[in-house]
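Notes to accompany the following structure.
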Amino acid sequence: MEQSTVPLNRATLLKRAFFNRDPRIVSKQLLGKILIRKQKSNILGGRIIEVEAYLGADDAAAHAAAGRTARNDVLFGPPGHAYVYFIYGVHYCLNISCLPEGDAGCVLIRALEPIAGIEGMAEARGLHVKHPDLSSPRILRAVASGPGKLCEALQITRTRDNSKDLLSPDSDLIVVDDGYRAKKVITTKRIGITKSAEMPLRYLIARNPFISGKQPAC
DNA sequence: ACTCCGATTGAA
DNA sequence: TCAATCGGAGTC
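Final position of the first sequence in our numbering is 1246; the numbers increase by one with none missing.
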């Protein structure tokens, strides 16, 4: 039985309760949902195909581990909001806050499969200049196969998007469900961290070619 | 005020 | 393998 999906304009916003849960549960459920940026005359978006869960005080790798600060304040706020931070002086990363007000926890969006406004995203990434042929699988994969890349593709910055409600119809950055369901989810260790590096909190859709890094064994 | 360093990326 | 490049957090 083949699953059914609806067009983007009929996809539904996720509910607050969806994110009012443990980040590990949200991570797995979030795979297959769609992250959308609404531009003036353009829609940019991709299917979420790789994420990582970050917990609270018991997770040394989490920004919330050392307690509430001006920088990580969103993590302690209500669920379903964007936590955007700047890393290595170069890139932004997007997280979505989980758990009720007062409890920190989030999901890091690590990779998207481009599905809408691909030309616009490629342009934001600076790919169109050197690589005009967007139909090339290699170039298509370069659009959003990493946390920093997808932020650049959707023009996500801290000043523009941090603390934004991702579940509001008024928001220009939202998460929606078009009915797609991942057939198989793979869990691995998180990438690029030194503290709490052993916890299996990275989740990705099996065999999807748009993930960051190389394909793990099934 | 000063130092250290990171949930990344792309080029060498 | 490594530089780029910034700001948050801890130390002096």
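All C-beta atoms, glycine included, are put in the ideal place defined by N, C-alpha and C.
Could you tell me the distance, in whole angstroms, from the CA atom of residue i to the CA atom of residue j?
| i | j | result |
| --- | --- | --- |
| I1062 | E1141 | 9 Å |
| V1264 | Y1082 | Any property of residue 1264 remains undetermined from this structure, which presents the chain solely from 1029 to 1246. |
| K1192 | S1199 | 8 Å |
| T1215 | A1245 | 10 Å |
| F1114 | V1079 | 18 Å |
| K1211 | S1032 | 13 Å |
| F1046 | G1105 | 15 Å |
| V1112 | L1059 | 19 Å |
| P1128 | S1164 | 43 Å |
| M1227 | L1155 | 34 Å |
| T1166 | R1235 | The question names Thr, but residue 1166 in the sequence shown is Arg. Roughly 16 Å between the two C-alpha positions. |
| Y1120 | L1182 | 11 Å |
| A1172 | G1074 | 8 Å |
| R1188 | I1124 | 15 Å |
| N1037 | G1207 | 12 Å |
| Q1067 | T1185 | 15 Å |
| L1229 | I1219 | 9 Å |
Just reading off the beta strand (DSSP E) that residue i is part of, what are its end residues?
| i | result |
| --- | --- |
| H1119 | 1119–1125 |
| D1189 | Premise fails: D1189 lies in the alpha helix (DSSP H), 1186–1189, not in any beta strand (DSSP E). |
| L1168 | Looking at the DSSP string, L1168 is not in any beta strand (DSSP E); the run it does join, the alpha helix (DSSP H), is 1165–1170. |
I'd like the span of the alpha helix (DSSP H) that includes residue i, first residue to last.
| i | result |
| --- | --- |
| V1054 | 1051–1058 |
| T1216 | First-last for T1216: 1213–1216, but that is the beta strand (DSSP E), not the alpha helix (DSSP H). |
| L1140 | Per DSSP, L1140 belongs to no alpha helix (DSSP H); it is in the beta strand (DSSP E), 1134–1144. |
| L1178 | 1175–1181 |
Return the bridge partner residues of residue i from the DSSP annotation.
| i | result |
| --- | --- |
| L1072 | R1065 |
| I1233 | V1213 |
| T1097 | The partner list for T1097 (beta bridge, DSSP) is empty, contrary to what the question assumes. |
| F1114 | Y1120 |
| V1079 | I1137, Y1231 |
| H1156 | DSSP output for H1156 lists no bridge partner at all. |
| I1264 | Only positions 1029 to 1246 of the chain appear in the structure, and residue 1264 is not among them; the question remains open. |
| T1040 | D1205 |
| H1109 | D1193 |
I think residue i touches residue j, with their Cβ atoms under 8 Å apart; what is that distance to the nearest whole Å?
| i | j | result |
| --- | --- | --- |
| G1174 | S1240 | 4 Å |
| G1108 | R1044 | 5 Å |
| S1224 | D1087 | 6 Å |
| A1144 | L1072 | 6 Å |
| L1020 | A1110 | Missing from the structure shown is residue 1020; the chain here goes from 1029 to 1246 and no further. |
Let me know if residue i comes out buried or exposed under the rule of 16 or more other beta-carbons within 10 Å of its beta-carbon.
| i | result |
| --- | --- |
| D1050 | exposed |
| A1090 | buried |
| D1205 | buried |
| V1118 | exposed |
| V1054 | buried |
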